[in-house]
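One structure below.
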Amino acid sequence: MSFRPLVRAARTCASPAFAAAQRRIASSKAKAPAFPTVQACPSPTCDCAATPDMPDGFEIDHKTLLNGLISSFAQQVLVCTGKDDWPSRIEEDNSGDNLAADLRELVGRGGVYNDPFHNISVLNSSLPSSMPKRTELQTTSAYLLPSFKYVPFLPRVSFDSVEALAKGYLLPEKLHPAHDGLSPIHRDRLLRKPAYQGLLYGVRDVDDILVLICGHGGRDNRCGIYGPLLRTEFEDKLPRAGVEVLSGPVQVDIPSLHALAGEGSGRTFTSRVGLISHIGGHKFAGNVVIYLPPHLKTEQGEPHPLAGHGVWYGRVEPLHVEGIVAETILQGRVIADLFRGGINQAGEIIRL
19 MSFRPLVRAA RTCASPAFAA AQRRIASSKA KAPAFPTVQA CPSPTCDCAA
69 TPDMPDGFEI DHKTLLNGLI SSFAQQVLVC TGKDDWPSRI EEDNSGDNLA
119 ADLRELVGRG GVYNDPFHNI SVLNSSLPSS MPKRTELQTT SAYLLPSFKY
169 VPFLPRVSFD SVEALAKGYL LPEKLHPAHD GLSPIHRDRL LRKPAYQGLL
219 YGVRDVDDIL VLICGHGGRD NRCGIYGPLL RTEFEDKLPR AGVEVLSGPV
269 QVDIPSLHAL AGEGSGRTFT SRVGLISHIG GHKFAGNVVI YLPPHLKTEQ
319 GEPHPLAGHG VWYGRVEPLH VEGIVAETIL QGRVIADLFR GGINQAGEII
369 RL
């Protein structure tokens, strides 16, 4: 099986002959697999939770082919809320006073920096925010993926930090050719400005594996049921495989603690497991996204085949968790039967 980026492009009208020609060109340019795959998830070798029954009207779709069913995005912002669930529209949380709402005002549909060729996905997560030294300050933390950056302190008293995040880290470094007709000042507004990065304190690389499970019960019952169940299952199976599950806020003001609270076992692999808001595809619950940091190595000390990638799985049940840990997290093999898609650090969407 081969993996190839899905090209983001505006919708155009084309004849069947033109479409067939395009498919032939794409086929001729197909590259060798970037990483290995296995067809099916291995059967569990230890006890796991039972697959839950779904309420009437909330059945799981076991028929649709999952491959390629992934939202197109160049960057995901994972807001650390410390909560396990949110309103159906996450921007309405806390009466609208939240980082997700602020970001969507800038980069969401109709936002001043919105770019349809550089989609930015904004999600909430159950992961906690870092605590500033001055405890009277209200700040929010965020992960930027797949750039694998952690932004610990975004003050809730100023919109300047939100703009700095957008301009310094989220906007594209190069515009899509479709923007060639824009005025120079309009093009400049849509481009990233690295100078703004210096306005955000403590930004660091993400070194831990992130296991993110859609648990947005406020949006759909299926995710609300599967999310907490799969989180517990990953928190059980990861340590059994030698992967430490870290908890508590990221410690950024203590030089001796480079990584995260909970560190100290000496294990090679460290991870965080959290629930996230809606990513699309409720009917494919449980939905799991795994981000593997760029410098990750295998147990044998070799470069990890999936380092720097995000891997989306659908229809994940508790009986799959042990196999996902063994195959994808430890060995870097994608499980084809569960694979919805993926993303690399260049922001290219990957499919089988």
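So that you can map any letter, position 84 of the sequence shown is 102 in my numbering, and since no number is skipped, the others follow by simple counting. Heads up, the beta-carbon is just placed ideally off N, CA and C, and yes, glycines get one too.
The C-alpha of TYR219 is placed about 46 Å away from the C-alpha of PRO73. By the CB criterion at 8 Å, ARG290 and LEU247 fall outside the cutoff. When the beta-carbon positions are compared, GLY216 and GLY233 stay at least 8 Å from each other. Annotation: ILE108 is outside any beta strand (DSSP E) and is labelled neither H nor E by DSSP. Counting the other Cβ atoms within 10 Å of the Cβ of SER61 gives fewer than 16, which makes it exposed. Each residue's CA atom was taken as its position, placing GLU335 and PHE252 some 11 Å apart. Closest in alpha carbon position to GLY186, among TYR131, PRO105, THR99, is TYR131. Contact between SER179 and LEU188 does not hold, since their C-beta atoms are separated by about 13 Å, which reaches or exceeds 8 Å. With fewer than 16 other beta carbons inside 10 angstroms of its own, CYS64 counts as exposed. Distance from LEU310 to ALA325 at the Cβ level is roughly 6 Å; contact confirmed, criterion being Cβ atoms closer than 8 Å.
Looking at VAL352, GLY260, GLY235, the one whose alpha-carbon comes closest to that of SER143 is GLY235. In terms of CA proximity to GLY75, ASP238 leads the group TYR161, PHE91, ASP238. The three-state reading of DSSP puts ASP223 in strand, counting E and B together. Close CB contacts of PRO70 within its chain, under the 8 Å cut and outside five residues either way in sequence, are with ILE243, TYR244, LEU247 (chain order). For a cut-off of 8 Å, the C-beta gap from VAL140 to VAL261 is around 28 Å, too long to register as a contact. The DSSP assignment places 327-331, 357-361 as complete runs of the beta strand (DSSP E) inside the stretch 311-368, in order along the chain (cut-off: 3 residues). Under the 8 Å Cβ criterion, the stretch 348-359 counts as touching the stretch 75-85, having at least three qualifying pairs. Look at ASN142 here: in three-state DSSP terms it is strand.
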